[in-house]
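>
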Amino acid sequence: METRTLQDMVTAAAAVNSSRIAVTFDSCMDARIPVSLLYSDVAEFSNDLTHLLREKQVTNRIALYCQTDVYLPVWILGILQVPAAYVPLDPEVPALLSAHIIDQCGLKYCVVQWDLLERFQMAFSNFINVDVRAVWSTYNVTLVRLQNTVAEVQHGGGPEGTHEEMANADHSAQVSGVSQGELAYVLHTSGTTGHPKIVRVPHKCIVPNILHLSSLFQMTADDVVFLASPLTFDPSVVEMFLALSSGARLLMVPTVMKKKPNTLACALFKNHRTTFLQVTPTLLGRFGRTILQEVVFSKDSSLRVLALGGEACPSPGLLRSWRQEGNDTQIYNIYGITEVSCWACCYKLSETDLVANQDESSVPLGTPLMDTTVEVRDEHSCVVAEGEGQIFIGGTDRVCLLDDEDRLIKRQGQRVHLDTLQQALMSVPLVEACAVGLSEDSRLVAFVVASSASGDQKATSAFPSVQHQANQRSSALVDSHGDLNPSDSHWQEELSTSTRGLRRAIRRSLSRLLPSPSVPDKVVVVPALPLTSHGKVDMGELMKIYQRQKATSDFLTPRDVVSLRKMLQSMWQDRLGLSEDAVVSDESNFLFSGGDSLQALGLCDDITTAIGGTSFGLLEIVLDGSFSDILHHAAKAMPTPSSEHKLKPHPTSEATKRQTDPLSSAPTKRGRLDGSSTSAAQRRRQGASSVAKATRFTVLRRAGEVIETPKENSGTGGNLTRKGDTLTAGVTSSQGTFNSNPLAVEHSETSGGGSSKAGVLGLRVRWASDTGRCVDASPVLLVHRRGEDASGRHTTTVFVGSHSHRMQALDLASGELLWERVLGDRIESSAAVCPREGLVVVGCYDGCVYFLCVDTGETKWTFQTGDAVKCSPTVDPLTGLVLVGSHDGHMYSLDPQARQCVWKRHCGGGAVFSSPCLHPSLRHLYAATLGGHLLCLHLDSGAVLWTRSRDTPFFSSPGCSSGRVLVGSVDGNIYCFSLQGTELWRFTTSGPVFSSPCVTRDEAKVVCGSHDDHVYCLSCADGSLAWSFRASGRVYSSPCVFDGSPRGGATGVLVALASADGTLWILDVEDGTVAGSLSLPGELFSSPVAWERSLVVGCRNNFVYCVEMTDGG
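Numbering-wise (our numbering), the sequence shown opens with residue 137 and increments by one.
1) Applying the criterion that 16 or more other CB atoms from any shown protein chain within 10 Å of the CB defines a buried residue, is residue 462 buried or exposed?
2) Identify the continuous alpha helix (DSSP H) that holds residue 467 and give its terminal residues.
3) What are the partner residues of residue 526, as DSSP defines its beta bridges?
4) Would you call the stretch 404-417 in contact with the stretch 707-716, where contact means no fewer than 3 C-beta pairs closer than 8 Å?
5) Tell me the residue span of the alpha helix (DSSP H) that contains residue 479.
6) Tell me, please, which residues DSSP counts as bridged to residue 1225.
7) With H, G and I counted as helix, E and B as strand and the rest as coil, what does DSSP make of residue 281?
8) With a threshold of 16 other CB atoms inside 10 Å of the CB of residue 589, please say whether the residue is buried or exposed.
9) Measuring alpha carbon to alpha carbon, tell me which of 970, 906, 165, 159 ends up nearest residue 917.
10) So, under 8 Å CB-CB, residue 1245 and residue 1223 are touching, yes? Tell me the CB distance rounded to an integer number of Å.
11) How about residue 907 and residue 940: do their beta carbons lie closer than 9 Å?
12) Would you say residue 202 and residue 252 are within 9 Å of each other, going by their C-beta atoms?
13) Since residue 1250 and residue 1094 should fall inside the 8 Å C-beta cutoff, what is the C-beta to C-beta distance between them, to a whole number of angstroms?
14) Leaving out five residues on either side along the sequence, give the residues of the same chain with a beta carbon under 7 Å from the beta carbon of residue 1073.
15) Thinking just about the alpha-carbon of each residue, which of 1113, 1097, 1123, 1118 is nearest to the one in residue 1107?
16) Distance, Cα to Cα, residue 1184 vs residue 1000?
17) Starting from residue 208, follow the alpha helix (DSSP H) in both directions and report where the run begins and ends.
18) So for residue 963, helix, strand or coil by DSSP?
19) Are residue 564 and residue 642 touching if we call contact CB-CB under 9 Å?
20) Just tell me which of 245, 262, 274, 276 has its CA closest to the CA of residue 268.
21) My assumption, with CB atoms under 8 Å, is that residue 232 sits in contact with residue 199. Please give the rounded CB distance.
22) Need the endpoints of the beta strand (DSSP E) that residue 338 sits in, please.
23) Are the beta-carbon atoms belonging to residue 1050 and residue 1091 less than 9 Å from one another?
24) Inspect the beta-carbon positions of residue 964 and residue 983 and report whether they are closer than 9 Å.
25) If you draw a straight line from the alpha carbon of residue 1198 to that of residue 1219, how long is it in whole angstroms?
26) Mind listing, in chain order, the continuous alpha helix (DSSP H) runs of no fewer than 4 residues lying wholly within the stretch 667-736?
27) Do the stretch 445-456 and the stretch 555-563 touch if we need at least three Cβ pairs shorter than 8 Å?
28) Compute the Euclidean distance between the alpha carbons of residue 1149 and residue 1109, then round it to the nearest angstrom.
29) Candidates 840, 1227, 1128, 992: which alpha carbon is nearest residue 955's?
30) Taking residue 1199 as part of the beta strand (DSSP E), name the residues at either end of that continuous run.
31) From the DSSP output, read off the bridge partner residues of residue 157.
32) Going by C-alpha distance, which of 247, 282, 266 is nearest residue 275?
33) Let's see if you can read the secondary structure: which residues bound the alpha helix (DSSP H) around residue 1051?
34) Would residue 146 pass as a contact of residue 377 if the rule is Cβ separation under 9 Å?
35) Between the alpha carbons of residue 1153 and residue 1139, how many angstroms are there, rounded?
36) Could you give the distance in angstroms between the alpha-carbon of residue 1240 and the alpha-carbon of residue 911?
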């Protein structure tokens, strides 16, 4: 009988091998004996389960929620024989992702492993009503009915619901000719860049794959096949059915044991003598060189077949280095994509391939498998016989595009293939494992795991022709294969100095093997490569590591010309791959010393990062000038240069000295920079300006938000308003230097694309406070008034957090440090203030929301969320409740008086990065997520009133006016919705919008920035453009609209904004003309806040600045 389905193949094998072991589950615990089922057991139990499912009239597609278990083949075969397709759900992934799969596939039933039933019910309680229909304890499973989908949660039950999507999905299945019983399983992509893509796989697509591979691998009943892949990764289908269709034994271990190399190697090759292993190269590399050489590829290894797929195959030289003499393991490179289930090509590495001195730099993909078509086509979709193009894979039923451009990039006009670079890295001594990728800032980054065995001989390089040239250039340090010689004393001495030495040696080796565009901009040393659940390298996690290391420069900001010279010499050596004792003379030219334009760009980036700001003209000097010229130019760009360009000593920074303190009471802060010696703390003790004695409060936050709160009113707190009439501020047009400031700033009359109102406003730095690390958070100002009206005596406190874990309270008038607290992790969240409770509230990377005393900084309460809190809290003025989002995807309503969570609401997918916005009178709360969801929640209950979804994240915080909700999106649009969720208009910019909209006091206009370097002023009514202003850099932060008429000579409303290059701008909101600008010595992601004569903003050079606005005349 012709084999048509997966279950047919197993039935045929079970009939012949009924008394043989079909499956073994080994918990890898010493006290537990492995559990096995015979083929006769599998056949009998699966038939029984099929009968039970049919009795419940379960058909079509059935979800399977389980972990690895000896009954796993029984559950899958029981579903397939209904006939129905199984849809695996991973218990380890977020429930919302699984709920989306359930919704998209229209699943009505789920077979749940009995041990996981309670976990399933808890995980899906917010999305699905779970109804238990049957408990089959014999097979350790439960059948549940899925009565509702996530449509309401995802789309608010509105016109954007998923019923149409489900209909389209079913229609697509019918179009492809797949009817009930013909589908084998349904998988999905990871969904990390949006909603997961559903892939429906019929039996006729996967069965030929199993049959052909079984023949190629010469599978027999004596084989032991390890189930290495999770069910959600399609290679698991190959592993399972290669074994069960051949009468072989399928070996399974708990998922956690796959992460323990020694335990796993013992189970596979010592206890169970595994003969077939199909894994990703990264997962194989997790064993480590010692286990690979002494166990996996040993002379007496049980491993007969190793199939490597899912990632680029390691070079023959690296594979050869792992094999002991006499090892007979057959190695295959398998290649494919989920859409064609599962593998499309296969190539067997011959002994000739693995012999030394072969010229192949990479392993071929091989020949197409049965019923599979593989073609290389150009951009016009024409088949390419020779040259480059895109790979098309498919067959008679489906042709799928595999876009491989993410592994092929262009730098300096040359193509760079990341897999080739990765193979070159693996040929470098002391590199145990590696991965390469392109970061968001277009940097080529290499992640390296250093080998623990310095004496091991590495693989010969996969680039003999390149190495031959390297041998001629530097035979002293390069061995016969072109690798750096591990026994070379200079090499070992360099590596022993520091991690920086390792990175430098790697770059030097790569510079001899590869052209300059292929050499990484950054080498990051990591303890291990993180993996996805599918066993592939998790590049997302690696890029997070890179971003964290990027925020902490390898080079400390120099304090004098001597340390600056030493820093520049080290950077010069790093970029050119020179040893630490290499001489860099004052007359040395970077290009003549072996550098090129790409390396020069890297050196400029290193310098500007270390000195904390941009330096115009630096690239030209690096290319054309001497080392002395570079030193001279960098010295001028440093803080407080004298006429001799000699750096002055930096004032003592207690914050810097105490970076390692677990907690701190605030030390005596240095005096304000204008020379005032009066202590703000003393004045406050003498003048009774504390929260306890204040009668009125004003809270000022980013995007022009002003909250007036009468202290005595406990029931009808102040409304959210923008009180521009009390703000008087401006910016300078004068030239000069601020010599008493330890951080140099530049003053200019005009910049950007607008005209200038020269002389209208003046600006100077009044004080700057050192926080120890970057200040990305926006400051919050609390004004304490003692009188009954605005004219009463008042003092103002600035609250701001930093990457240094520090939260500071500063006196606005003097810059005196009132108190400082070190929290559990980095602070990017801007604070909120609960004036009546006397609390300042801030989120932290450690997942906590901290409630601190306004006057002392003492922690009054800490609330733990499930992930980092980068969202800025908001306080309900009517109830005093604090609303805050978390990267765990939830919005929380917290009661600081009762110290409890009032409600918690999942926001539909994606972290909540942006800050929520309140409409107190309507009791509405508007929140946005990185999953692309904009939600309206009921402020008192957290109920979802409506949801609108987009395909791109929302980093921008929503803002609301009397009848509108405004928000920016990464797709480049500024959206305006009605309070009921209807889109009223959208305005398209030329770059992503991270900036939050700021509405003018009369609610006629909205101002918002964009990554396209522009700030846009739009009509709130219809989104028409009033004016645009081109700044000198990207605008991440939010503009601050305020009234400039009382001071400075301006007429009308002004807007303060910051561009990422470090420039602070003041514009006339009427026409966008420049009233003045000021350049600060660091990038600005923080949003400025205005009060009276002051602008306060955080800077990435570790300081928070108070800028005084004066008359410009």
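Even glycine gets a Cβ: it sits at the ideal position worked out from N, Cα and C.
Computed from a predicted model, the values in this text were never measured in an experiment.
Quick look at the numbers:
1) Position 326 of the sequence shown, counted from the first residue, corresponds to residue 462. Its Cβ having fewer than 16 others within 10 Å, residue 462 is exposed.
2) Walking along the sequence shown from the start, residue 467 turns up at place 331. Taken as a continuous stretch (DSSP letters only), residue 467 belongs to no alpha helix (DSSP H), being part of the beta strand (DSSP E) at 466-471.
3) Your numbering for residue 526 matches position 390 in the sequence shown. Residue 526 pairs with 513.
4) The stretch 404-417 and the stretch 707-716 do not touch, with fewer than 3 CB-CB distances between them shorter than 8 Å.
5) By one-based count along the sequence shown, residue 479 stands at place 343. Residue 479: not part of any alpha helix (DSSP H); DSSP gives it neither H nor E.
6) Residue numbering aside, residue 1225 sits at position 1089 when the sequence shown is read from its first letter. Under DSSP, residue 1225 takes part in a beta bridge, and its partners are 1232.
7) Indexing the sequence shown from 1 puts residue 281 at position 145. Strand, per DSSP.
8) Counting from one through the sequence shown, the residue named residue 589 turns up at place 453. Confidence at residue 589 is low in this model, with a pLDDT of 47, below 50, so its placement is unreliable and no value can be given for it.
9) For the purposes of this step, residue 917 is taken as the residue at position 781 of the sequence shown. For residue 917, the nearest C-alpha among the options comes from 970.
10) Here residue 1245 corresponds to residue number 1109 of the sequence shown, with the count starting at 1. Here residue 1223 corresponds to residue number 1087 of the sequence shown, with the count starting at 1. Wrong, their Cβ atoms sit about 17 Å apart, outside the cutoff.
11) For the purposes of this step, residue 907 is identified with residue 771 of the sequence shown, where counting begins at 1. For the purposes of this step, residue 940 is identified with residue 804 of the sequence shown, where counting begins at 1. Yes, the pair counts as a contact, with Cβ atoms nearer than the cut-off.
12) Locating residue 202 in the sequence shown gives position 66, where the first residue counts as 1. Locating residue 252 in the sequence shown gives position 116, where the first residue counts as 1. For the 9 Å CB-CB criterion, residue 202 and residue 252 form a contact.
13) Coverage of the chain is limited to positions 137 through 1249, which leaves residue 1250 absent and any answer about it impossible.
14) By one-based count along the sequence shown, residue 1073 stands at place 937. Setting aside the 5 residues that flank it on each side, residue 1073 is surrounded in the same chain by 1027, 1041, 1061, 1063, 1079, 1080, 1081, each with a C-beta closer than 7 Å to its C-beta; the list follows chain order.
15) Counting from 1 along the sequence shown, the entry for residue 1107 is found at position 971. Out of 1113, 1097, 1123, 1118, 1123 has the C-alpha closest to the C-alpha of residue 1107.
16) Here the question's residue 1184 lines up with position 1048 in the sequence shown. Here the question's residue 1000 lines up with position 864 in the sequence shown. The pLDDT assigned to residue 1184 is 41, lower than 50, so where the model puts this residue is not dependable; a value taken from the coordinates is nonetheless given after this. Answer to the nearest angstrom: the Cα atoms are 46 Å apart.
17) Within the sequence shown, the letter at position 72 stands for residue 208. First-last of the alpha helix (DSSP H) with residue 208: 208-216.
18) For the purposes of this step, residue 963 is taken as the residue at position 827 of the sequence shown. Coil.
19) Indexing the sequence shown from 1 puts residue 564 at position 428. Indexing the sequence shown from 1 puts residue 642 at position 506. Contact: yes.
20) In the sequence shown, residue 268 corresponds to position 132, counting from 1. Residue 245 is the option with its Cα nearest to residue 268.
21) Position 96 of the sequence shown holds residue 232. Position 63 of the sequence shown holds residue 199. Taking 8 Å as the upper bound for CB-CB distance, residue 232 and residue 199 are not in contact here, some 15 Å apart.
22) For the purposes of this step, residue 338 is taken as the residue at position 202 of the sequence shown. 334-338 is the span of the beta strand (DSSP E), which, as asked, contains residue 338.
23) The count along the sequence shown starts at 1 and reaches residue 1050 at position 914. The count along the sequence shown starts at 1 and reaches residue 1091 at position 955. In this structure, residue 1091 lies closer than 9 Å to residue 1050 by Cβ.
24) The residue labelled residue 964 in the question sits at position 828 within the sequence shown. The residue labelled residue 983 in the question sits at position 847 within the sequence shown. Not a contact, by the Cβ cut-off of 9 Å.
25) Locating residue 1198 in the sequence shown gives position 1062, counting from the first residue. Locating residue 1219 in the sequence shown gives position 1083, counting from the first residue. Approximately 4 Å, taken between the alpha carbons.
26) Runs of alpha helix (DSSP H) with 4 or more residues, each lying fully within the stretch 667-736, are found at 675-687, 697-712, listed in chain order.
27) Taking 8 Å as the limit for Cβ pairs, the verdict is that the stretch 555-563 does touch the stretch 445-456.
28) Along the sequence shown, one-based indexing puts residue 1149 at 1013. Along the sequence shown, one-based indexing puts residue 1109 at 973. Taking the CA atoms as reference points, residue 1149 sits about 14 Å from residue 1109.
29) Taking the sequence shown and counting its residues from 1, the one referred to as residue 955 is at position 819. In terms of Cα proximity to residue 955, the closest of 840, 1227, 1128, 992 is 992.
30) Numbered from its first residue, the sequence shown carries residue 1199 at position 1063. First-last of the beta strand (DSSP E) with residue 1199: 1199-1204.
31) In the sequence shown, the residue the question calls residue 157 occupies position 21. Beta-bridge pairing links residue 157 to 174.
32) Position 139 of the sequence shown, counted from the first residue, corresponds to residue 275. Sorting 247, 282, 266 by C-alpha distance to the C-alpha of residue 275 places 247 at the top.
33) Walking along the sequence shown from the start, residue 1051 turns up at place 915. Membership of residue 1051 in any alpha helix (DSSP H) is not indicated, and neither H nor E is assigned to it by DSSP.
34) Position 10 of the sequence shown, counted from the first residue, corresponds to residue 146. Position 241 of the sequence shown, counted from the first residue, corresponds to residue 377. Closer than 9 Å, so yes.
35) What you label residue 1153 is simply residue 1017 of the sequence shown in a count that begins at 1. What you label residue 1139 is simply residue 1003 of the sequence shown in a count that begins at 1. Taking the straight line joining both Cα atoms gives about 12 Å.
36) Indexing the sequence shown from 1 puts residue 1240 at position 1104. Indexing the sequence shown from 1 puts residue 911 at position 775. Rounded to whole angstroms, the separation of the alpha carbons of residue 911 and residue 1240 is 7 Å.
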